[in-house]
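S.K.:
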Amino acid sequence: MEKRIVKKGIRVLLARLGLDAHWRGSIVVAHALRDAGMEVIYIGNQMPKEIVETAIQEDVDIIGLSSLSGNHMILAPEVVKRLREKGTQEIPVVLGGTVPPDDIPILKEAGISGIFGPGSSLKEIIQFISALGKK
Amino acid sequence: MQEKRKIRILLAKPGLDGHDRGIKVVARALRDAGMEVIYSGLHQTPEQIVNTALQEGVDGIGLSILSGAHNTIFPKMMALLKEKGLSDLLVFGGGTIPPKDRERLKTMGVGEIFTSGTDTRDIVNYIKGVLEKV
Amino acid sequence: MAFGKRSKRQDLDLQSSPMAFKNLSGFVIDPVYGTENIAQLDVERDLGGPGEFPFTRGIHKTMYRGRLWTIRQLGSLGSSGEANMRIRNLLAMGATGVSICLDMPTIMGRDSDDPLCEGEVGSSGGVAIDSIADVRQLMDGIDLDQVSINWVCNAQSCVILAFFVAVAEERGISADKLAGTLQNDILKEYQAQKSYYFPPRSSMRLTVDTIKYCCRHMPRFNPISISGYHLASAGANPIQELAFTLANGFTYVEETIKAGVDVDQFAPRLSFFFKVHNDFFENIAKFRAARRIWARAMKEKYRAKDDRSWLFRVHTQTAGSSLTAQQPENNIIRTTLQALSAVLAGTQSLHTNAFDEAHSIPSARSEKLALRTQQIIAHESGVIHTVDPLGGSYYLESLTNKMEEESYRYFEKIEQLGGVLKGIEKGFFQREIADSAYQYQKDIENKRRIIVGLNEYREDGEEPIEMRETDPTFETRKIAELKAFKSQRNQQRVSARIEQIREVARGDGDFMPLFIEAVKDGLTLGEIIGAMRDVFGEYREEAIF
Amino acid sequence: MKSKKGLFNPDSIQEIRNETKRWEKEVYPREKERLEVFETLSGIPIEAIYTPEDTAKMDYLRDLGFPGEEPFIRGVHPTMYRGRTWTQRQLAGYGPPEETNKRYKFLLKQGANGINGVFDYPTLRGYDSTDPEAYADAGRGGVAIDTIEDMRILLDGIPIDQVSSSMVTCQPIGNISVQSMYFANAEAHSIPFNKLTGTSQNDFLMETVVAIAPEVLPPKASFKLSCDAIEYCTKYVPRWNPVSFAGYNYREAGCTAIQEVAFVIANAIACSEELIRRGLDVDRFASRLSFFFSGHNDFFEEIAKYRAARRTWYRVMRERFGAKDPRSLALRFHVQTAGVALTAQQPLNNIARAAYHALSAVLGGAQSVHIDAYDEALCTPTELSSLTALRTQQVLQLETRVTHTIDPLGGSYFVESLTNQLEEKIVALLNEIEGMGGIVRAVEKGWIHKAISSEAYEYQKAIESGEMPIVGVNCYRIEDEKLPIELFQVPETLEIQRAKLERIKKERSSTNVQKASDAILRCCEKDGNLMEVVVEGVKAYVTEGEVTKVLKRYYGIWNPPLF
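Listed in order, the protein sequences are those of chains X, B, L and U.
Those letters in the first sequence? Residues 513 to 647, by this note's numbering.
Those letters in the second sequence? Residues 523 to 656, by this note's numbering.
Those letters in the third sequence? Residues 37 to 581, by this note's numbering.
Those letters in the fourth sequence? Residues 9 to 571, by this note's numbering.
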């Protein structure tokens, strides 16, 4: 418990889902979150299992996922499911990338807290994550 | 052997618009294809056009309309031709005419409507196809 | 230099392409241009700095570093109420100027209730203007002293201007605050566009009348936009467009000087209107040559002293005639490239066509995309960061020189004919243009000129695109409105005004002040034009093709 | 006659200089400027006006010359587009090979002059579709290839001895299998290797820097695989371009135009040194090294970039490697219009962007061009959007007449001056990389990663501050926009691939598979050319994933610096 009190910033785990090669968006977000005073653990491409394990191990406040390949409908809900299995469903999951509008309600239903499509601004993302982290 | 009579076509520009590039190009193309072409010039009323057709004894009339007045002018033309007993005259048109209107005009007896991008050879072939068969 | 010889590889040219390496004006293009092609170019004499004589590199010192070009889109639709909505919408989306087109009856100087106009009221995507009431509605809620309005009117310009000034005065805005342009170029009507009523010399008198009025009372307003665009639409190739437009310009200068106005009083308000077609570099060379020729002529021939009199200020529109009805999305690409060439050429104002224009009046969606195209070039491409970025290019400089030379050749020919008005009467321009139009069509049909989706890569069974429908009840409503308007006028004053107009027409007095008063009394466009027609008579050209 | 060696004679330059000074001091300040800074996308300041003074130091014959001749700045071929226009490459690939094959046939029928394969993420990175790390990405972003049978299906009915193929096998780890399958498939159809034309990407930076993920091959190993493929093609497939240095992707990831060119050339220098070390003569392989650039927003900087790249490459090949064959000295390149410049907002606006991106490539003298489809920021291109992209190429080639003369901007004071400045900065960056011990070392140190990712961040910040306007994103935005276009749905891939893999694994000879895998491992041990054994391996139906496993077992894995 003490650890939580001295903790300076919000801890965010950022991962790219599956094998998606698009790098730029998640890196830019990583930079921005760090500049906004958060601690960022960036693990690159990972599958849901590794993402959830790292999240628990690193005791993060939020998980940010990036996917531009179209695999989000399979893998993002999988992350939430595995969090639930481990009893750590309080860690919110946020997704960024190429998400068609029709997929958004389905992903929200599956437990994704926030979705950021192409053209989202860093400011919106930072604000959203800060608000989530403060809860 | 009797020499074949040349096809005579009246090209006319009814209504108010002055876009005569298309009709002049067609006029030259028909002439180069061996037809006799009478070009009416601008701003002709349907009455004037039908009178010219009658006087010149043409085989067909081509109307160019880019102003959007085709739905008014064609029906008038067709009615006048009928009145004068010229219903069997070939009438065709060209200009900015949407597909839906094209269909409607054809059911009124307009032979063919040519729109932007038409190859003039298609117009020549069409006219010859209709008139040389007769 | 031996290089010139080495470059003549005609055998290879023919193998690779069915087209010869020529531009739209028919100039033969060399494989590569180098210093020797512009050996005669004297940078100081022929280029100058931006904003410096002879203005080849641009008429303003800062050009787009100082101010972007005016993004001017078309805001007109059948009724003045609808057009008003569209104008407001365009301004809200970031357009910085609007053009207003008229419907066919207005263009022909007739009111909506004229029997000759049946079926054409609100046609061609233009606004139907009969009376001051229409312009009042059209301008409702628009800041007349802020927005620059381009009135695409010609033979009827004097009446439209009267409506505009009268409406502004009603709203407490004096004429000297109004910005904008009248097209008012009657010469090109006889040469190409063919919307005229009176014999050329009477029409010229009206044009000069409006120029005089604007010089005295409307310092921010361009009384004329000397238009090559329509010459090109009717078929003129770029060199004809350039030469004929400038020749027309010189004619207006001469006629206005003849009417007793000092050249420096009106020349700064003359403006031009060009088309940009498919040939990218030829477009750019055309503008640069135009600036240089105009500046030299104004300074050296017409002895203008004010440096603003030397400036060739130009509005540009992308080529409607280059658009295809087939595969309309392809037109977005053409328009983008044409718009880019206009910007590289240093235009003052630009209109980009909507991609569905070959089919119908632009839909709201296609209109927005056309506007965005300009904004993307302005804000994203970075081409606006320096003035005349292509200046010095061997190819472009050489092409600019060539266009200038060829223009002088045309000027000589026109001179020999006895000037532009004589040339019109002899059908010279009409024939030149018709020749080029026919040549263009033949080039397309035998594939010497390729248009994608039209004579190459054509597809059958295309899905038609959505098109804007015109409202079939509009005509009846408009006629009813006009009837109501007429019934409220003081009929005696109307008749008196008509007689006054006939009187001035018979003499040589000024029209504009009278027109402004007349439209305030409710005279319609058709009545004013009609009154003049009684005196001037009607002009009919011989139907040649 | 005055000297024509320089662009202008010295007297007139002095006069122009004086006049320019006067104009800048007295005339220009009379009007106000709209912005505080005017600069290119890579940050080079732009002057209000360029005059002969800016090109005064140039020597026409030395610095510009003629097309097809040193220093190749005006173009690599004597006739350029008057002889042959650029190749229109429109990338296509999605789902299982059965589906992509149909799209290839559609595009060829529409006038495309080659096929251009993009591969799904598992294929690019050396996985089979069914791999537990990979299944969610099967068929996404490209076509799925697991075995030689997939290659056969992909190319079915396409005359690969007549049309050229461009294969975006960006990472050497995936390239070695896919390219082997392509060659082995040609052999099975009795097509001689000297009839095969095309390009594969095969860029080790793509594996270790740009598309970084944990657990990739170490830079040295990835670099070796890349060089193996180049060596193999040099010896056996003489008309194939075995590498295409993917500046495009570096740029997409965030770097500037200057870095883009410097990194590809540094990469090409490293490859050349390695191949010379292996005993090949520079003129045997250099003409087959090809380059891949991005066509981004800054119109003139892009044109200057292509020209500067040609002159820099010429100087590197001539001065550093002593190449003599003109084809070794001429930098040939493919351009793709910048995906990163497209917006998901108001997607049709992208047609306008891509049109002038492509125009700048053409004015820069590209050998082939791919134009992005307008829906690329949203999904895999639909048939309509990919057709519109192809039409953009055709409009440029056939209607604009920019192809009628060579290097039409040559001589432009602005373009020439920008070309010189870019070249200078590229050379400076090349020297910096050289000082670090070359590109492989710079990658190992994480230096390239850092350079790219900080530029990406700067770019995004510039957009968000409004300093870099993007229409529809940070200006002229429409709230609650409804997507006016139809999005593409990726067809079912995984189950189709799974069924094929299961069947193949049952039917193939496991002894042959074992033998082939052993041969690959032995080749690693004795540092032989791996391509030679992989080509044999795929004939025995060894899957891509199996090849990867052997390679990773021997070379180990590397965790690159992630950001």
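Each residue gets a CB set at the ideal place from its N, CA and C atoms; glycine is no exception.
From a predicted model like this one, the values you see are computed outputs, not experimental measurements.
(1) So is E260/U in contact with chain X if we call contact Cβ pairs under 8 angstroms?
(2) Which of helix, strand or coil does DSSP assign to K44/L?
(3) Residues in the same chain with beta-carbon distance under 8 angstroms from A340/L, minus the five sequence neighbours each way, listed in chain order, please.
(4) By how many angstroms is the C-alpha of E78/U removed from the C-alpha of G330/U?
(5) Interface residues of chain L around R82/U at Cβ under 7 angstroms?
(6) Around the C-beta of I618/X, are 16 or more other C-beta atoms found within 10 angstroms, so that it is buried, or is it exposed?
(7) Which residue from K113/U, Q353/U, S174/U puts its Cα closest to that of Y484/U?
(8) With 16 other CB atoms within 10 Å as the buried threshold, where does N567/U fall?
(9) Short of 7 angstroms in beta carbon distance, which residues of its chain neighbour V188/L, apart from the five on each side in sequence? Order them along the chain.
(10) With a threshold of 8 angstroms between beta carbons, is T351/U in contact with chain X?
(11) Exposed or buried, what is T28/U when buried is set at 16 or more other beta-carbons lying within 10 Å of its beta-carbon?
(12) Would you mind giving the Cβ-Cβ distance between P630/X and A385/U, rounded to the nearest angstrom? I have them listed as a contact below 8 angstroms.
(13) With DSSP as the reference, label R561/B as helix, strand or coil.
(14) Compare the C-beta of F581/L with all C-beta atoms of chain B and state if any pair is closer than 8 angstroms.
(15) Who are the neighbours of P222/U on chain X, taking C-beta pairs under 8 angstroms?
(16) Where do the ends of the beta strand (DSSP E) carrying R530/B lie?
(17) Compare the C-beta of S269/L with all C-beta atoms of chain B and state if any pair is closer than 8 angstroms.
(18) With 8 angstroms as the threshold, decide whether the Cβ of R285/U is near any Cβ in chain X.
(19) Would you mind stating whether N68/L and I414/U have Cβ atoms separated by less than 8 angstroms?
(20) Inspect the beta-carbon positions of P86/L and F422/U and report whether they are closer than 8 angstroms.
(21) Identify, in the order they occur along the chain, each residue of the same chain with its Cβ nearer than 7 angstroms to the Cβ of Y112/U, setting aside the five sequence neighbours on each side.
(22) Which of the residues in the region 216–242 of chain L, read from start to end, lie with their CB under 7 angstroms from any CB of chain B?
(23) Apply the 10 Å Cβ neighbour rule to P568/B and answer buried if 16 or more other Cβ atoms are within range, or exposed otherwise.
(24) Can you find the residues in the same chain that come closer than 6 angstroms, C-beta to C-beta, to Q344/U, ignoring five residues on each side of it along the sequence?
(25) What is the DSSP secondary structure of F46/U, reduced to helix, strand or coil?
(26) Between K40/U and chain L, is there a C-beta pair that is closer than 8 angstroms?
(27) Taking 8 angstroms as the threshold, find out whether the region 87–106 of chain L comes into contact with the region 414–432 of chain L through three or more Cβ pairs.
(28) Go ahead and pull the three-state DSSP assignment for Y554/X.
(29) Chain B beta carbons: is any one of them nearer than 8 angstroms to that of L50/L?
(30) Checking the sheet assignment: what are the DSSP bridge partners for E634/B?
(31) Kindly examine the ligand GTP and report whether one of its heavy atoms sits closer than 7 angstroms to the Cβ of D170/L.
(32) Can you find a CB in chain L that lies within less than 8 angstroms of the CB of D623/B?
(33) Going by C-alpha to C-alpha distance, which of G208/L, E156/L, S261/L sits closest to V244/L?
(34) Q96/U by DSSP, collapsed to three states: which one?
(35) Which residues bound the beta strand (DSSP E) around M175/U?
(36) Let me check one thing: in DSSP terms, what residues is W330/L bridge-paired to?
M.R.: The answer reads as follows:
(1) Proximity of E260/U to chain X, defined by a Cβ-Cβ separation below 8 angstroms, is satisfied.
(2) Note that K44/L has pLDDT 37, beneath the 50 cutoff, so the model's placement of it is unreliable and no number is given.
(3) Closer than 8 angstroms at Cβ, skipping near neighbours: V299, D300, A303, M334, W346.
(4) G330/U and E78/U have their C-alpha atoms some 14 angstroms from each other.
(5) The answer, in chain order, is V68.
(6) By the Cβ neighbour-count rule, I618/X is exposed, with fewer than 16 other Cβ atoms within 10 Å of its own.
(7) Cα-wise, what sits closest to Y484/U is Q353/U.
(8) Result: exposed.
(9) Non-local C-beta neighbours of V188/L in its own chain, meaning closer than 7 angstroms and more than five positions away in sequence, comprise S135, I136, C137, L138, Q219, ordered along the chain.
(10) Judged by the 8 angstroms Cβ criterion, T351/U is in contact with chain X.
(11) T28/U should be labelled buried.
(12) Under the criterion of beta carbons closer than 8 angstroms, P630/X and A385/U qualify as touching, at roughly 5 angstroms.
(13) For the record, residue 561/B in the displayed sequence is Tyr; it is not Arg. In the three-state DSSP reduction, Y561/B falls in the strand class (E or B).
(14) Yes, F581/L lies at the interface with chain B (some Cβ there is under 8 angstroms from its Cβ).
(15) Within 8 angstroms Cβ-Cβ: I555, G556, N557, Q558.
(16) R530/B: member of the beta strand (DSSP E) spanning 530–534, first to last residue.
(17) For S269/L, the answer is yes, since a Cβ of chain B falls inside 8 angstroms of its Cβ.
(18) Contacts with chain X at 8 angstroms (Cβ-Cβ) do not include R285/U.
(19) The displayed chain sequence assigns Val, not Asn, to residue 68/L. Cβ atoms of V68/L and I414/U: closer than 8 angstroms.
(20) Taking 8 angstroms as the cut-off, the beta carbon of P86/L is found no closer than this to the beta carbon of F422/U.
(21) Within the same chain, Cβ atoms closer than 7 angstroms to the Cβ of Y112/U are found at A100, I123, I166, the five residues on either side in sequence being excluded.
(22) Answer set for the region 216–242 of chain L: Q229, K230, S231.
(23) Buried.
(24) Here the set comprises Y256, H378.
(25) Reduced to three states, the DSSP call for F46/U is coil.
(26) The beta-carbon of K40/U is placed less than 8 angstroms from the nearest beta-carbon of chain L.
(27) Judged by pairs of C-beta atoms under 8 angstroms, the region 87–106 of chain L touches the region 414–432 of chain L, as three or more such pairs exist.
(28) The three-state reading of DSSP puts Y554/X in strand, counting E and B together.
(29) Confidence at L50/L is low in this model, with a pLDDT of 36, below 50, so the placement of that residue is unreliable and no value is reported for it.
(30) For E634/B, the beta-bridge partners assigned by DSSP are F614/B.
(31) This structure lacks the ligand GTP, and indeed carries no ligand of any kind.
(32) Output row for D623/B: interface = no.
(33) When each option's Cα is compared against that of V244/L, the closest is S261/L.
(34) Strand at Q96/U.
(35) Counting along the chain, M175/U sits inside the beta strand (DSSP E) bounded by residues 172–176.
(36) None, per the DSSP bridge assignment.
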